[in-house]
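Its first residue numbered 95, the sequence shown is counted upward by one per residue in the working numbering.
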Amino acid sequence: MWNGGTISDPLIMHWDGSTTTQLGEPWCWYDEPDIHGGEVVWSGYDNGTVNIFYWDGSSTTMIDHDWISDDCPQIHNGQIAWQGFDFDNEIYYWDGSTVTQITNNSYDDDPPQIYDGAVVWSGYDGTDYEIFYWYDGTTYQVTNNDWHDWDPQIWNRQITWESYVDGAGSQIMEAHVPEPATLAMFGLGLAGLAAKLRRRRKS
């Protein structure tokens with residue numbers, strides 16, 4: 095799966111191992127594809143705004159989200175997370191039928207990652223960027239410090255990100271997220287797990 099076409103008219107192309115398929119219509123402008131399990135998602139300019147498009151292997155659906163400009167989509171198991179602009183960047187989630195706005199603040203939230211319905215992103219808190227985790231309607235703050243934490247990735251319940259600890263250069267951080275029931279039982283945000291974070295300097 096890749097961007098094809100021309101610079102002025104990019105297209106989304108999909109290859110299943112034997113056949114190349116053009117996704118979407120040639121008169122729209124497409125960008126930022128992502129793929130999982132043969133399903134593809136991308137952002138596309140249509141009807142005066144940028145929307146999210148989803149291809150399930152046979153047909154394409156536009157996830158219409160009013161006038162908001164949507165981009166940087168990620169997909170896992172048919173669930174999609176992306177960044178939308180409503181005068182600042184917010185995070186949105188689609189479960190296959192319904193769009194949920196995860197963040198609603200006056201600061202920028204950077205493009206998300208998703209795994210099995212769990213969403214992670216870096217968001218500005220008024221001082222620096224921190225890491226946030228959302229699952230099943232609840233948001234947890236993973237980091238709470240005085241330096242920038244950026245570019246999170248998630249697999250299963252493990253999160254990694256890049257951290258500029260005390261301005262001493264970037265380091266790679268990792269945290270293991272407990273089961274949601276455990277978080278609820280203790281009533282703590284993930285920032286409370288800071289003592290368990292493991293880190294190593296980037297080589």
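All residues carry an ideal CB built from backbone N, CA and C; glycine is no exception. Since the structure is predicted, the reported quantities are computational estimates derived from the model, not experimental observations.
Span of the beta strand (DSSP E), counted from its first residue to its last, around residue i
i    : result
G178 : Q173 to F179
V144 : T143 to W149
N183 : N183 to W188
A262 : From DSSP, A262 is part of no beta strand (DSSP E); its letter is neither H nor E.
T154 : T154 to I157
P272 : P272 -> no beta strand (DSSP E), and no H or E assigned at all.
Coarse secondary structure for residue i, derived from DSSP in three states
i    : result
H108 : strand
V193 : strand
V236 : coil
D204 : coil
G138 : strand
W215 : strand
D222 : coil
D210 : coil
I162 : coil
For residue i: DSSP bridge partner residues
i    : result
T93  : Missing from the structure shown is residue 93; the chain here goes from 95 to 297 and no further.
I129 : V134
H242 : DSSP lists no partner for H242.
Anticipated Cβ contact below 8 Å, residue i with residue j, distance rounded
i    : j    : result
Y201 : D219 : 7 Å
Original post:
Below 8 Å, can you find three or more Cβ-Cβ pairs linking the stretch 238-251 to the stretch 196-212?
Top reply: yes
Original post:
Would the stretch 256-275 and the stretch 216-233 be scored as touching if the rule is three or more Cβ pairs under 8 Å?
Top reply: yes
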